[in-house]
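Worksheet for the structure shown next.
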Amino acid sequence: MTEQPCQCADCQRFYKEHDRLIREFPTFKQQQELNWASIQSFRTLCSKVSTELQRRLTERESNEDINAEDKHISDIEISEALDELESVNAYLYSIEALMERIFDTKISNNIESKFKEIANELAPDPLNIDRLILNRLFHQTPDFPDKKNFS
Ligand SMILES: [Zn+2]
137 MTEQPCQCAD
147 CQRFYKEHDR
157 LIREFPTFKQ
167 QQELNWASIQ
177 SFRTLCSKVS
187 TELQRRLTER
197 ESNEDINAED
207 KHISDIEISE
217 ALDELESVNA
227 YLYSIEALME
237 RIFDTKISNN
247 IESKFKEIAN
257 ELAPDPLNID
267 RLILNRLFHQ
277 TPDFPDKKNF
287 S
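To convert, count from 1 in the sequence shown and add 136; that's my numbering.
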């Protein structure tokens, strides 16, 4: 059974990005490092934003007279975002723990050559089936934000 790959803007962006990451990081070790850095940067950014929002909320509680630049974000909006970000940080922390396990794996140079060889075969192909399977997850998750907003 052959399914026609979705060609919406989100999916096309995904295909392009997916292939770029294989092309530019074609070894097991590079993928380990890339994914580790990616999770860490996501976590760093989420934590910093959480800390900043928490600080604002605390300031507002102790000070009725909030300044103008602050007013465009409501207390409810901040509280809701803090709850969401708390969950996200917990998930990212779990992923990080799993990534550490993946980091324990070492691959020999011979196998790394195989990785490069396969990467070379995969990345130029705009319709490779593995990517389509991955993207189905990305695209068809019912509560994916884009779906919520645009469908
Ligand atoms: Zn799509």
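C-beta atoms are modelled at their ideal positions from N, C-alpha and C, and glycine is treated no differently.
Give me, in chain order, the residues of the same chain whose beta-carbon lies closer than 7 Å to that of Phe178; leave out the 5 immediate sequence neighbours on both sides. Leu228
In this structure, how does DSSP classify Cys142 when only helix, strand and coil are distinguished? coil
Closer than 7 Å to a non-hydrogen atom of ligand 1 - does that hold for the CB of Asp146? yes
Between Cys182 and ligand 1, is the CB less than 7 Å from at least one heavy atom? no
Measure the CB-CB distance between Gln246 and Pro162 and report whether it falls below 8 Å. Going by the sequence as given, residue 246 is Asn instead of Gln. Not a contact, by the Cβ cut-off of 8 Å.
Taking 8 Å as the CB-CB limit, is Pro162 close to chain D? Of the protein chains in this structure there is only one, and it is not chain D.
Would you mind stating whether Ile212 and Arg192 have Cβ atoms separated by less than 8 Å? Against a cut-off of 8 Å, the Cβ pair of Arg192 and Ile212 comes out as no contact.
Under the three-state DSSP convention, the category Lys242 falls into: coil
For the alpha helix (DSSP H) holding Asn171, just list the boundary residues, first then last. 164-198
Once DSSP output is grouped into helix, strand and coil, what is the label at Ala259? coil
To the nearest angstrom, how far is the alpha carbon of Gln190 from that of Glu216? 11 Å
Check Phe114 in the structure and name its three-state DSSP category. Beyond the ends of the chain as shown, which are 137 and 287, falls residue 114; an answer cannot be given.
Buried or exposed: which applies to Ile158, given that a residue is buried once 16 or more other Cβ atoms fall within 10 Å of its Cβ? So Ile158 counts as buried.
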